[in-house]
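The block underneath contains the structure these notes are about, expressed in structure tokens.
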Ligand SMILES: NC(=O)c1ccc[n+]([C@@H]2O[C@H](COP(=O)([O-])OP(=O)(O)OC[C@H]3O[C@@H](n4cnc5c(N)ncnc54)[C@H](O)[C@@H]3O)[C@@H](O)[C@H]2O)c1
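Residue numbers (my numbering): 436 to 757.
So this is what it looks like as structure tokens:
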């Protein structure tokens with residue numbers, strides 16, 4: 436019987452890249468997505484149509500999730516489940532917490548109900564550095580206190596907790612990947628997209644949220660997918676929480692603004708806001724410990740600066756600006 440991997444949120448930025456990689460490795464994937472942020476056109480690049488199936492499903496609706504898995508399992512077996520669907524717009528979730536409750540937490544909860552019902556043992560979860568909150572300059576290991584300062588981070592942490600309980604009850608394996616900021620194409624959101632869009636509207640000025648001193652780690656999506664697939668191939672059991680990131684302490688928002696300005700509109704003036712937060716819930720800086728990732732045999736090939744430079748060019752091409 437054919438065996439497929441399921442990717443929730445697979446029509447989004449990271450999900451479409453993951454789908455491409457799995458298909459390139461000879462696996463078949465079923466993508467569950469409600470297309471709220473993802474796009475069917477992103478799946479055009481995934482390749483081999485007979486290895487990719489798309490189902491439009493709202494993961495926040497339990498009946499839709501159960502029906503989707505029943506349909507998938509009626510004709511094939513399911514191997515790994517990669518849970519990437521979530522609200523990826525942190526500011527939208529601050530304005531309306533229901534968005535994170537539904538798309539981030541309920542989607543996880545409903546997925547776990549389905550995995551228990553259909554006895555699916557292996558889950559890979561896209562979590563985030565936002566679960567840690569603001570630890571200042573401290574190096575953050577996976578054991579650090581989790582004090583999210585956004586609804587987005589809170590609902591990711593609640594999802595992690597629900598997954599941990601499910602691992603005690605019925606999951607054989609649950610990998611929880613805590614991503615940093617991820618950049619590349621097909622971009623759906625993020626600081627580079629925002630800067631390019633602003634410069635397209637007003638080529639002579641670029642307004643930056645906050646004073647530009649926020650410093651964060653950026654990982655190119657190709658490195659992220661390498662890391663996920665690498666960890667996924669290791670024989671792990673139980674719950675494994677892993678920080679994934681570049682091996683540096685990040686770049687400032689000022690430097691990202693300069694990179695994008697130099698690429699798109701070199702004469703533009705940078706206008707900074709006030710305070711070291713871009714918006715409520717923004718963590719001004721974080722610095723990951725990657726000891727666990729390194730012990731699992733993975734190191735990213737690009738640093739934060741290189742990731743931002745490469746992604747800026749790629750996103751500018753995607754947006755038709757270069
Ligand atoms: N991009 C980053 O910098 C970053 C950083 C940390 C964590 N993550 C996590 O990685 C995952 C993928 O993020 P992304 O950047 O590709 O974002 P994205 O918005 O491009 O992808 C998320 C996908 O989930 C889908 N989705 C949302 N709600 C849904 C629902 N109720 N039912 C079905 N589908 C739904 C969207 O349509 C979209 O295709 C998310 O879980 C995100 O929280 C991303």
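Glycine is no exception: its CB is placed at the ideal position from the N, C-alpha and C atoms.
Please read these numbers as outputs of a predicted model, since none were measured by experiment.
Could you tell me whether any non-hydrogen atom of ligand 1 is closer than 7 angstroms to the CB of residue i?
| i | result |
| --- | --- |
| residue 520 | yes |
| residue 495 | yes |
| residue 469 | yes |
| residue 456 | no |
| residue 620 | no |
| residue 449 | yes |
| residue 529 | no |
| residue 694 | no |
| residue 650 | no |
| residue 446 | yes |
| residue 516 | no |
| residue 685 | no |
| residue 505 | no |
| residue 713 | no |
| residue 561 | yes |
| residue 473 | yes |
| residue 617 | yes |
| residue 737 | no |
Residue i and residue j look like a contact to me (Cβ under 8 angstroms); what is the Cβ gap, rounded to whole Å?
| i | j | result |
| --- | --- | --- |
| residue 546 | residue 443 | 6 angstroms |
| residue 543 | residue 570 | Their Cβ separation, rounded to whole angstroms, is 24 angstroms, which puts residue 543 and residue 570 out of contact at 8 angstroms. |
| residue 459 | residue 473 | Contact doesn't hold; Cβ gap of about 20 angstroms is too wide. |
| residue 691 | residue 751 | With 8 angstroms as the limit, residue 691 and residue 751 do not qualify as a contact, their Cβ atoms being about 13 angstroms apart. |
| residue 745 | residue 665 | Residue 745 to residue 665, Cβ: 20 angstroms. No contact. |
| residue 515 | residue 440 | 5 angstroms |
| residue 711 | residue 646 | 6 angstroms |
| residue 757 | residue 679 | About 28 angstroms separates the two Cβ atoms, so there is no contact after all. |
| residue 579 | residue 726 | Not a contact, Cβ separation roughly 12 angstroms. |
Assuming residue i is part of the alpha helix (DSSP H), what are its boundary residues?
| i | result |
| --- | --- |
| residue 588 | 586-604 |
| residue 544 | 542-552 |
| residue 503 | 497-510 |
| residue 658 | 656-668 |
| residue 443 | First-last for residue 443: 438-443, but that is the beta strand (DSSP E), not the alpha helix (DSSP H). |
| residue 451 | 448-459 |
| residue 695 | 688-699 |
| residue 771 | Since the displayed the chain opens at 436 and closes at 757, residue 771 lies outside it and no answer follows. |
Looking at the unbroken beta strand (DSSP E) that takes in residue i, where does it start and where does it end?
| i | result |
| --- | --- |
| residue 562 | 557-563 |
| residue 646 | Careful: residue 646 lies outside any beta strand (DSSP E) and carries neither H nor E. |
| residue 524 | Run containing residue 524: none; DSSP gives neither H nor E here. |
| residue 752 | Note, residue 752: premise wrong, no beta strand (DSSP E); alpha helix (DSSP H) at 739-753. |
| residue 636 | Residue 636 -> not in any beta strand (DSSP E); alpha helix (DSSP H) instead, spanning 626-636. |
| residue 582 | Careful: residue 582 lies outside any beta strand (DSSP E) and carries neither H nor E. |
| residue 704 | 704-707 |
| residue 472 | Neither: residue 472 is in no beta strand (DSSP E) and is coded neither H nor E. |
By Cβ distance, which residues of its chain are closer than 6 angstroms to residue i, with the 5 residues on each side in sequence left out?
| i | result |
| --- | --- |
| residue 684 | 722 |
| residue 616 | 651 and 653 |
| residue 599 | 674 |
| residue 501 | 549 |
| residue 747 | 627, 694, 695 and 698 |
| residue 540 | 590, 593 and 594 |
| residue 707 | 643, 646 and 647 |
| residue 438 | 512 and 514 |
| residue 486 | 458 and 463 |
Flag residue i as yes if its beta-carbon sits less than 8 angstroms from any beta-carbon of chain B, otherwise no.
| i | result |
| --- | --- |
| residue 661 | Looking for chain B here will not work: only one protein chain is present. |
Return the chain-ordered list of same chain residues with a C-beta closer than 8 angstroms to the C-beta of residue i, the five sequence neighbours on each side being excluded.
| i | result |
| --- | --- |
| residue 538 | 471, 494, 495, 520, 521 and 522 |
| residue 604 | 551 |
| residue 572 | 720 and 722 |
If you check the beta carbons only, do residue i and residue j fall under 8 angstroms apart?
| i | j | result |
| --- | --- | --- |
| residue 657 | residue 625 | no |
| residue 720 | residue 613 | no |
| residue 558 | residue 609 | yes |
| residue 724 | residue 681 | no |
| residue 585 | residue 534 | no |
| residue 466 | residue 499 | no |
| residue 611 | residue 676 | yes |
| residue 561 | residue 449 | yes |
| residue 583 | residue 596 | no |
| residue 492 | residue 480 | no |
| residue 464 | residue 445 | yes |
| residue 451 | residue 621 | yes |
| residue 436 | residue 484 | no |
| residue 715 | residue 581 | no |
| residue 508 | residue 553 | yes |
Who are the near neighbours of residue i in its chain, counting only those whose CB is closer than 7 angstroms to its CB and skipping five residues on each side?
| i | result |
| --- | --- |
| residue 563 | 588, 591, 613 and 614 |
| residue 638 | 700 and 703 |
| residue 456 | 660 and 664 |
| residue 602 | 609, 673 and 674 |
| residue 669 | 731 |
| residue 671 | 608 and 610 |
| residue 709 | 646 |
Taking 7 angstroms as the cut-off, is the C-beta of residue i nearer than that to any heavy atom in ligand 3?
| i | result |
| --- | --- |
| residue 623 | Looking at this structure, you won't find ligand 3 anywhere; what it does contain is ligand 1. |
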